[in-house]
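So the structure is just underneath, and the comments pick up after that.
Protein chains: 2
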Amino acid sequence: MDVLESTISAIQHDPELGKCKFRVSNKWVGANHNCTTVTGFYGAKQEIAHRQPFELHADEPPILAGEDQGANPVEHLLNALAACLTTSMVDHAAVRGIHIEELESEIEGDIDLQGFLGLSKEVPKGFTDIRVKIKVKADVDNMERLKKLAEYSPVYNNPFSLSDL
Amino acid sequence: MDVLESTISAIQHDPELGKCKFRVSNKWVGANHNCTTVTGFYGAKQEIAHRQPFELHADEPPILAGEDQGANPVEHLLNALAACLTTSMVDHAAVRGIHIEELESEIEGDIDLQGFLGLSKEVPKGFTDIRVKIKVKADVDNMERLKKLAEYSPVYNNPFSLSDL
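For the protein sequence lines, the chains are A and B, in the order given.
Note that the first sequence ends on residue 165 in our numbering; no numbers are left out.
Note that the second sequence ends on residue 1165 in our numbering; no numbers are left out.
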């Protein structure tokens, strides 16, 4: 909390401190298995190393031609969204003095593989719908406010605008 | 490869087999640390369990009020994108008989924390730019075709369309 408040105050005084660059490296292992490494980022006008590198494995289940050595890429995407909604609610609740006792969420998304496989041009490649259920243990009077706080989530607000692919 | 080709052929004959529902559950651990569990999904007209549940931890680095017990949510998002670009290139190359020897990628995305923190309404909350570098060891004649194959990626093609938040 103290760190969060001093970060906010620092960025208010010097907006340049809020500009971040996040990075990952990915390496194909074989078949549908690949591994991402996350080692550091740029923020607060400096390069910052994580305390330890994080490795994230992606694979597909056997029915999708993999060996199930990790969640698949679209499950990783739902994870990113779930994690971000949680962090956004918790952080924004904290700075507003709203007490949260417990917070859980479930996310389910629909994908029709005809899109990814190129079998139909009418079928989207990505998720066609994503449903989010958030279960929160907190003062009942704060429920509507808490729900709105999830909307600060960077991942939720991320219509990919990619350059350089 | 055999599995991939029989999956494609099965979905061509019965498109219903391609309809999938992917799911994650997330639980707040404390401060900025939360944990996602991925246990199974719906596909090929049935519920399918992963060989083992996958746990994915998200946290923030100390400078962003966390204890660095996992990649942060936006790093998880870049991981999902990287993993998906790799899988999409590898799978689509395989069914086209294009040999890939090695495949690596680096992704970097810009975020200005003024958006997430609600300090400025003009600053987007999500990434403002994402740069992708793909390094592939394969026949030089296939490079342009391989680059196009990345565009089948479901995560890359995912302007979130969420319902029920």
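Using N, Cα and C, we set each Cβ at its ideal position, and we do this for glycine too.
- Query: Which of helix, strand or coil does DSSP assign to P61 of chain A?
  - Reply: The residue labelled residue 61 of chain A in the question sits at position 61 within the first sequence. Here P61 of chain A sits in coil by DSSP.
- Item | beta strand (DSSP E) segment containing N1157 of chain B, residue limits | Translated into the one-based positions of the second sequence, residue 1157 of chain B becomes position 157. No beta strand (DSSP E) holds N1157 of chain B; DSSP gives it neither H nor E.
- Query: Are the C-beta atoms of H50 of chain A and some chain B residue less than 8 Å apart?
  - Reply: Locating residue 50 of chain A in the first sequence gives position 50, counting from the first residue. Chain B contact via Cβ: present.
- the region 47-65 of chain A in contact with the region 1115-1125 of chain B per 3-pair CB rule at 8 Å: no
- Query: How many angstroms separate the CA atom of Q1052 of chain B from the CA atom of Q69 of chain A?
  - Reply: On the second sequence, residue 1052 of chain B is found 52 positions in, with the first residue counted as 1. On the first sequence, residue 69 of chain A is found 69 positions in, with the first residue counted as 1. Approximately 9 Å between the Cα atoms of the pair.
- Message: Can you check whether the C-beta of L1146 of chain B is within less than 8 Å of a C-beta belonging to chain A?
- Response: Translated into positions along the second sequence, residue 1146 of chain B becomes position 146. It does not: the Cβ of L1146 of chain B has no partner Cβ on chain A nearer than 8 Å.
- Message: Run through chain A and tell me which residues come within less than 9 Å of R1023 of chain B, C-beta to C-beta.
- Response: Along the second sequence, read from residue 1 onward, the residue named residue 1023 of chain B stands at position 23. The answer, in chain order, is E75, L78, E106, I107, E108, G109.
- Item | Delimiting residues of the alpha helix (DSSP H) encompassing H92 of chain A | If you number the first sequence from 1, residue 92 of chain A lands on position 92. Counting along the chain, the alpha helix (DSSP H) containing H92 of chain A begins and ends at 73-95.
- Contact between the region 1125-1140 of chain B and the region 1106-1116 of chain B (3+ Cβ pairs under 8 Å): yes
- Residue ranges of each beta strand (DSSP E) run of no fewer than 3 residues wholly in the region 2-36 of chain A, ordered along the chain? 19-30
- Grab me the residues of C1084 of chain B's own chain with a C-beta within less than 7 Å of its C-beta, minus the 5 sequence neighbours each way, in chain order. Here the question's residue 1084 of chain B lines up with position 84 in the second sequence. Same-chain partners within the cutoff: S1153, P1154, V1155, Y1156.
- Give a yes or no on whether the minimum CB-CB distance between A166 of chain A and chain B is below 8 Å. Because residue 166 of chain A is not part of the residues shown, which for chain A are 1 to 165, the question remains open.
- Query: Applying the criterion that 16 or more other CB atoms from any shown protein chain within 10 Å of the CB defines a buried residue, is M89 of chain A buried or exposed?
  - Reply: One-based indexing of the first sequence puts residue 89 of chain A at position 89. Its Cβ being crowded by 16 or more others within 10 Å, M89 of chain A is buried.
- Out of curiosity, what's the CA-to-CA distance linking E1106 of chain B and A1093 of chain B? Taking the second sequence and counting its residues from 1, the one referred to as residue 1106 of chain B is at position 106. Taking the second sequence and counting its residues from 1, the one referred to as residue 1093 of chain B is at position 93. E1106 of chain B and A1093 of chain B: Cα-Cα distance of roughly 20 Å.
- Message: Against chain B, which members of the region 112-129 of chain A pass a CB distance test of less than 9 Å?
- Response: D112, L113, Q114, G115, F116, L117, G118, L119, S120, V123, P124, K125, G126, F127, T128, D129
- Pick helix, strand or coil for K147 of chain A, following the three-state DSSP scheme. Sequence index remark: in the first sequence, residue 147 of chain A carries index 147 (1-based). Helix at K147 of chain A.
- Roughly how many whole angstroms lie between the Cα atoms of P73 of chain A and N1158 of chain B? As a first step, residue 73 of chain A must be located in the first sequence, where it is residue number 73. As a first step, residue 1158 of chain B must be located in the second sequence, where it is residue number 158. Distance between the alpha carbons of P73 of chain A and N1158 of chain B: 12 Å.
- Query: N79 of chain A to E1144 of chain B, Cα distance in whole Å?
  - Reply: Start at 1 with the first residue of the first sequence, and residue 79 of chain A comes out as number 79. Start at 1 with the first residue of the second sequence, and residue 1144 of chain B comes out as number 144. Roughly 32 Å between the two C-alpha positions.
- Who are the neighbours of A138 of chain A on chain B, taking C-beta pairs under 8 Å? In the first sequence, residue 138 of chain A corresponds to position 138, counting from 1. The premise fails here: A138 of chain A is roughly 11 Å from chain B at the closest Cβ pair, so nothing lies under 8 Å.
- Query: Is there a Cβ from chain B that is less than 8 Å from the Cβ of D68 of chain A?
  - Reply: Translated into positions along the first sequence, residue 68 of chain A becomes position 68. Yes, D68 of chain A lies at the interface with chain B (some Cβ there is under 8 Å from its Cβ).
- Message: Below 8 Å on C-beta distance, what does A1093 of chain B contact in chain A?
- Response: Residue numbering aside, residue 1093 of chain B sits at position 93 when the second sequence is read from its first letter. Going along chain A, no residue has its Cβ under 8 Å from A1093 of chain B, so there is no contact; the nearest lies around 11 Å.
- A1071 of chain B and A1031 of chain B closer than 8 Å at C-beta: Your numbering for residue 1071 of chain B matches position 71 in the second sequence. Your numbering for residue 1031 of chain B matches position 31 in the second sequence. No, the Cβ-Cβ distance between A1071 of chain B and A1031 of chain B is not below 8 Å.
- Chain-ordered chain B contacts of K27 of chain A [CB-CB under 9 Å]: Within the first sequence, numbered from 1, the residue matching residue 27 of chain A stands at position 27. Under the 9 Å cutoff, chain B gives T1086, E1102, L1103, E1104, S1105.
- Query: Of all the CB atoms in chain A, is at least one closer than 8 Å to the CB of I1063 of chain B?
  - Reply: Position 63 of the second sequence, counted from the first residue, corresponds to residue 1063 of chain B. Yes, I1063 of chain B counts as interfacial toward chain A.
- Partners in chain B for K19 of chain A, counting only beta-carbon separations shorter than 9 Å: As a first step, residue 19 of chain A must be located in the first sequence, where it is residue number 19. By Cβ distance, chain B contributes D1110, I1111, D1112, L1113, Q1114.
- Query: Contact check, E1151 of chain B vs V38 of chain A under 8 Å by CB: the rounded distance?
  - Reply: Counted from its first residue, the second sequence places residue 1151 of chain B at position 151. Counted from its first residue, the first sequence places residue 38 of chain A at position 38. Incorrect: roughly 25 Å between the Cβ atoms, too far for contact.
- Grouping DSSP H, G and I as helix and E and B as strand, with all else coil, what is Q1052 of chain B? Within the second sequence, residue 1052 of chain B is the residue found at index 52, counting from 1. Strand, per DSSP.
- Looking at the C-beta of I8 of chain A, does it have a partner C-beta in chain B at a distance below 8 Å? Here residue 8 of chain A refers to the residue found at position 8 of the first sequence. At least one chain B Cβ lies under 8 Å of I8 of chain A.
- Just mark D1014 of chain B as buried or exposed, buried being the case when its beta carbon has 16 or more other beta carbons within 10 Å. Numbered from 1 along the second sequence, position 14 holds the residue referred to as residue 1014 of chain B. Per the 10 Å Cβ criterion, exposed.
- If we ignore side chains and look at the alpha-carbon of each, how far apart do G97 of chain A and S1006 of chain B end up? One-based indexing of the first sequence puts residue 97 of chain A at position 97. One-based indexing of the second sequence puts residue 1006 of chain B at position 6. The straight-line gap from Cα to Cα measures roughly 55 Å.
- Query: For the alpha helix (DSSP H) that G1118 of chain B lies in, which residues bound it at each end?
  - Reply: On the second sequence, position 118 is the one that residue 1118 of chain B refers to. Here G1118 of chain B belongs to no alpha helix (DSSP H), and DSSP marks it neither H nor E.
- G109 of chain A - partner residues in DSSP beta bridges: To locate residue 109 of chain A, count along the first sequence from 1; it is residue 109. DSSP output for G109 of chain A lists A:I130, B:F1022 as bridge partner(s).
- Query: If the cut is a Cβ gap below 7 Å, which residues of chain B does I98 of chain A touch?
  - Reply: Taking the first residue of the first sequence as position 1, residue 98 of chain A is located at position 98. By Cβ distance, chain B contributes nothing, its closest Cβ being about 14 Å from I98 of chain A, past 7 Å.
- Message: I want to see whether chain B comes within less than 8 Å of N142 of chain A, judged by CB atoms only; does it?
- Response: Locating residue 142 of chain A in the first sequence gives position 142, counting from the first residue. Taking Cβ atoms only, chain B never reaches closer than 8 Å to N142 of chain A, which makes this a no.
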